[in-house]
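Q: The structure follows.
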Amino acid sequence: MLTSNIDMLQRKITNFDNKLKSFLGDNLLNLKKNCKTTNIQLNDSEIMKLEKIIENKVQSKDVILLYEKVTDWFVHSLAQILNQYPEDVVDKGAVIQSVRCKFYQTVRKLSLRTLTFDFNYWKKKQNFKENKNLFGIYQLQFENGVYFKNFFLKFPVLFRLLENEKRKKINFIQFILDSFMTDREVFSAKMGRITGLIFDQGDAHLDGKTSTIIYMGNKKILFKPRKADMDQIYGHIVEFYNENCSPSHKIICPNNYYFEDHHWVDFIEREDCIKEVMIKSFYRDIGVQLAFIYAMNGTDFHFENIIAAGKHPILVDLECLFGKEHLKQGGNNTLLGNSVLTTHIIPTLNGLRADKYVTAIGIQDTEMNTFEKVIEDTENGNLCIGSKKKNIQLANNIPTLNGETISVENYIENVVDGFKKGYKFLCKNQEIILNDLNHRYANYQYRKLLRPTSHYAQILSMSYHPRFLMSEVDRRLFLMLIADDIFDRTIEYAEYNALLNSDIPLHTGVLNSTSINVNDTVILKDYLKITPLNAFKEKLISLNNEDMKIQMKLIRLSLKSIFQNGKFPISRDTSKCMIEEVDCVLRIEEVIHEILKPNYEDIHLNMVLGNEFNSLKAMNEGLYGGKLGYAFLTFCLYLITKKEKYKTITDDLVFRSLSTDDEFKNETSIGVFSGTSSALYMLYLLYKERKEKIYLIKAKEIIRKIMLKLDKKNYIICDIIDGISGILIILSHFGKLHPDDEAIIQDIEKLIALLKENKIQIDSDKVSWDRKLTGFSHGNSGIVYALIATLNHVENPKIDAVIEQALNYETSQIFEGGWKDNRSTKSDGDFNSWCHGSPGILLSRMALPKKYQNELTKADEALAYQNTKNIKHNSIGLCHGIIGNYLIQYKYAQHISNKKEIENTKENINRIVSDLLNLEDLNKQISSMSIDKSLMTGISGVLYSYLYVNYPNANLPFVLTLE
């Protein structure tokens, strides 16, 4: 393994060395030379420009001198350019005033962290006795020409970035003014002279060009420095739709004025609705347009792409139509990958907190989840960069009724009805639409999004850290490393150059070609598997009633998720009648039958609801949140009822998962809960119960694949849920059934060796693994439990030392009456769940053999038990919910033979299950994907818990310890 790791490292070094030569070329020697120069990294021309900035005297107060001086430098150059244009084209003074503030903000964005860093360095050298108003004193240093000059000599890359922004902005303003002079005859009746420019109405591409609002007195028009081909195609389809619908249902598009490399758009103002019927029309029409965008493989339509102009939802900036390849059916991910969710018009259900705020139909961010960077004081008088919540102004995408914002909550069916109408129109007119596109628009240009633009924006923000502004080579190397991913080297190089220029990379193509234009620099031939035009044809042809129904279901699910809080109504009323045991089992069987139904063809989808996010995924083959969680549940039903149908269902789910895992991809998790080894656990349970050799044969095949895969892995995950400790437990179970099987014993020894090899020695008597976490699923407790499981099979005195040191580390992490949750730097305290915190730790401590028990471990056990009983969860799942804590309480009560506690926890579990089964619309919630169905976080785990505590004689496996 060590040899393979060295070979892998050598390959990475060689690859990066080649990339360095390819990206930097002749600049490499110059950059190396500059790195060795400790004094000057600015050339003579740059120093002359710097001295001109220094000469400028700032008049105004209450400004940061550095920002103001650089902004004045920009303004002086801009004024010279504007003098070249006649007065009937531009109001020089008004334009400068409108542009000045924006450039000041640009200077601030680029310089903020460096200024903070320099202040702290300056303060340390001054040795002040008091910390009052030190920043005010510090910034006055920039009146001193020597200090100003030395600042940029220390951070020459910052100076070049500012100079480049000045160059880009002035060139772009010239482009706007020149375009205005040549184009204004087209709309001369509406135009006066330019009195203001508001930049950054979108991302900056191709040397700082961005959509810009042009002011002409009290009139506005939007300038877009790109072709408007997609707007024309969309406008054509909308026009065709309008010809075939009633006048009151017509869709409105903005007026565009098209030119070769840019276009102008009449500015759309937000308008209020005066009747509720207008709100209904708004949401119906957005449903119609959702159908169009869905069929046209559009994506990246967010809240800024829609204007609520009274009853009309007007879509703006349509460049991302046709940009997403249509995925042919086959595999779990194609359904969601082809769905309405990927348009971003409705929440994508991607598990991100901001999901419902950034989509076109969402809600305003009233909770202020948006942040801006600010300078903050620390206790010792230093400054640091912090994040400050900022409120978002009233969003233009949400309609208002008499001034009051009206969300989609009560109008979801209007959206669905509109979608259905638009969908049926497309189905009915497939041939006409395809003929039009083939004959009129085949060579039109579209934008190809390879990654979210936020990805590039985050990279750029990081590249403005002072660490990368001292030396040109540092920033270049940072951007090179970030660019190293799955894409073609040509794309990497183009993106690297764009980011180096502080631009967001922009890739385009034409509809009838598989080639893409990489950041307007080089054409990459045959990059796509299918032309966007053919992908659209495939999508249009694939539209049918079944697809329409599943998309409508996804629309309802997505929009309802905006207003759900993820809480399950847990009853605290002990007098409430519970379902009788016989009726309960029958009802459980009925619910499981509903759970087992696929959502579309053979695809199972599952929705995980949280307080701040919602996530919809196609279920994988795992135990935790996948179909083998269903297999575990049906296996338990088989043990209780002895009905052969449940054994058949279990077999079918397990063997299907084996065929799915045949490819055994490198990125697939090997974990027992999360990955390939989920099938291994199920095969063990079936083999133990039925003694049929086929289960053992298949299990050994999986073990061999896992061991081969571990030989090739660069990084070994050691925990229970994703890593080798869970596998170690299952192998120990097989070892118990076959103590003379040398292959199993050798594999156990190999996994133990890997755990020892990958441990982190905290100090002489403490060890941990992975991220130094506490708890069962990801932390020390689970790994200790796995090592204990091997003691009957392997004699290795070093295991004792590892177990004792692992226990010592976890005991050292006790904090405020619980265990630290080391997943974050904050001291959040005990998470109090199976996965992290006391309940999982309790499982580990109660399994300790006597030779590991001492006063500390017994104190751990007592503390963990007390915390486990102190349940505060809102969720109900096994992993980090109330049912998991109750089940662990029940297990511990059995361990200490506390009959009263056994009955109490059993009753608590039964009450939750009774509440669940009494829900009037439970089956509907399951079929509509409105409830989490999975084993570890959803209702499958709740039903399993009921079976476990009510049927002790069935000897059901205890899944939380992989029993």
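Plus 1288 on top of the position in the sequence shown (first one is 1) and you've got my numbering.
We put the beta carbon where it would ideally sit given N, CA and C, even for glycine.
(1) Applying the 10 Å Cβ sphere with the 16-neighbour rule, what's the burial state of M1768?
(2) Using a 10 Å radius around the Cβ and a threshold of 16 neighbouring Cβ atoms, would you call S1863 buried or exposed?
(3) If distances are taken between C-alpha atoms only, which option among Y2153, L2130, I1335, Y1426 comes closest to N2068?
(4) What is the residue span of the beta strand (DSSP E) that F1405 lies within?
(5) Grab me the residues of G2011's own chain with a C-beta within less than 8 Å of its C-beta, minus the 5 sequence neighbours each way, in chain order.
(6) Quick check on this structure: which residue in N1626, F1416, G1490, D1406 has the alpha carbon closest to the alpha carbon of Q1429?
(7) I'd like to confirm the pairing. Which residues does DSSP put opposite E1473 in its beta bridges?
(8) At a cut of 8 Å, does the segment 2031–2039 reach the segment 2085–2094 through at least three beta carbon pairs?
(9) Measuring alpha carbon to alpha carbon, tell me which of I1574, K1568, R1944 ends up nearest C1541.
(10) May I ask which residues mark the beginning and end of the beta strand (DSSP E) holding A1596?
(11) Tell me whether the segment 1493–1507 and the segment 1450–1462 touch, counting them as touching only if at least three CB pairs, one residue from each stretch, are closer than 8 Å.
(12) Could you check which residue in D1549, Q1427, V1565, G1505 has the C-alpha nearest to that of I1464?
(13) Closest to D1939 by CA distance: which of E1977, S1962, G1913, F1961 is it?
(14) Strictly by DSSP, which residues pair up with L1941?
(15) Go through the segment 1746–1825 residue by residue and report every complete run of the alpha helix (DSSP H) that reaches 4 residues or more, in order.
(16) In chain order, which continuous runs of the alpha helix (DSSP H) of length 4 or greater are located wholly inside the segment 2050–2111?
(17) From this set, K2044, I1562, N1543, H2183, which residue's C-alpha is nearest V1553's C-alpha?
(18) Name the residue from F1362, Q1414, P2027, I1521 whose alpha carbon lies nearest to the alpha carbon of L2252.
(19) Taking the alpha-carbon of L1941 as reference, which of G1898, D1890, I1928, I1991 has the nearest alpha-carbon?
(20) Measure the C-alpha to C-alpha separation of D2007 and K2044 and round it to an integer number of angstroms.
(21) Do S2218 and M1895 have their C-beta atoms closer together than 8 Å?
(22) Just the C-alpha distance for T1964 and K2179, rounded to the nearest angstrom, thanks.
(23) From which residue to which residue does the alpha helix (DSSP H) around R1572 run?
(24) Identify every residue that forms a DSSP beta bridge with I1602.
(25) Just how far apart, CA to CA, sit E1697 and K1848?
(26) With a cut-off of 8 Å on the beta carbons, I'd call H1795 and N1807 a contact; round off their distance for me.
(27) In or out: I2032 buried (at least 16 other Cβ within 10 Å) or exposed?
(28) Tell me the rounded alpha-carbon separation between I2102 and D2220.
(29) Which residues in the same chain have their Cβ closer than 7 Å to the Cβ of V1628, if we skip the five residues on either side of it in sequence?
(30) Using C-beta distances below 8 Å, list every residue in its chain close to F1952, excluding the 5 sequence neighbours before and after it, in chain order.
(31) Quick one: what does DSSP say L1973 is sitting in, helix, strand or coil?
(32) Run the CB neighbour count on V1383, radius 10 Å, all protein chains shown included, and call it buried at 16 or more, exposed below.
(33) Quick test of the definition: if touching needs 3 or more C-beta pairs under 8 Å, does the segment 2203–2214 touch the segment 2138–2158?
(34) Got a sec? Which residues, its chain only, sit under 7 Å from L1640 by beta carbon, not counting five neighbours each side?
(35) Is the beta carbon of K1612 sitting closer than 8 Å to the one on N1638?
(36) Exposed or buried, T1325, counting other C-beta atoms within 10 Å across all chains shown (16 or more means buried)?
A: Considering the structure as presented:
(1) Within 10 angstroms of the beta-carbon of M1768 lie 16 or more other beta-carbons, which makes it buried.
(2) Because the pLDDT at S1863 is just 49, under 50, the model does not fix this residue reliably, and the value given afterwards should be weighed accordingly. S1863 comes out exposed.
(3) L2130
(4) No beta strand (DSSP E) holds F1405; the alpha helix (DSSP H) holding it covers 1380–1414.
(5) Only I1958, G1959, I2004, I2005, D2058 meet the Cβ criterion.
(6) Distance from the Cα of Q1429 is smallest, within the candidate group N1626, F1416, G1490, D1406, for D1406.
(7) Note: E1473 sits in no beta bridge, so no partner.
(8) no
(9) I1574
(10) 1594–1597
(11) Contact holds between the segment 1493–1507 and the segment 1450–1462, because three or more Cβ pairs, one in each stretch, are under 8 Å apart.
(12) D1549
(13) For the residues E1977, S1962, G1913, F1961, the minimum Cα distance to D1939 belongs to E1977.
(14) Looking at the DSSP assignment, L1941 forms no beta bridge with any residue, so it has no partner.
(15) 1760–1771, 1777–1788
(16) 2068–2077, 2085–2100
(17) N1543
(18) Given that the chain is displayed from residue 1289 to residue 2251, the structure contains no residue 2252 and the question cannot be resolved.
(19) D1890
(20) 13 Å
(21) yes
(22) 28 Å
(23) 1564–1583
(24) I1602 is bridged by DSSP to I1595.
(25) 7 Å
(26) 6 Å
(27) buried
(28) 33 Å
(29) L1578, Y1582, I1634, Q1839, L1842, I1843
(30) Low confidence applies here, because F1952 scores a pLDDT of 48, under 50, leaving its location unreliable and the question unanswered by this model.
(31) In the structure shown, the three-state DSSP call for L1973 is helix.
(32) With 16 or more Cβ atoms within 10 Å of its Cβ, V1383 is classed as buried.
(33) no
(34) Cβ within range, chain order: F1901.
(35) Not a contact, by the Cβ cut-off of 8 Å.
(36) Because the pLDDT of T1325 is 47, which lies under 50, any placement of that residue in the model is unreliable, and the question is left without a value.
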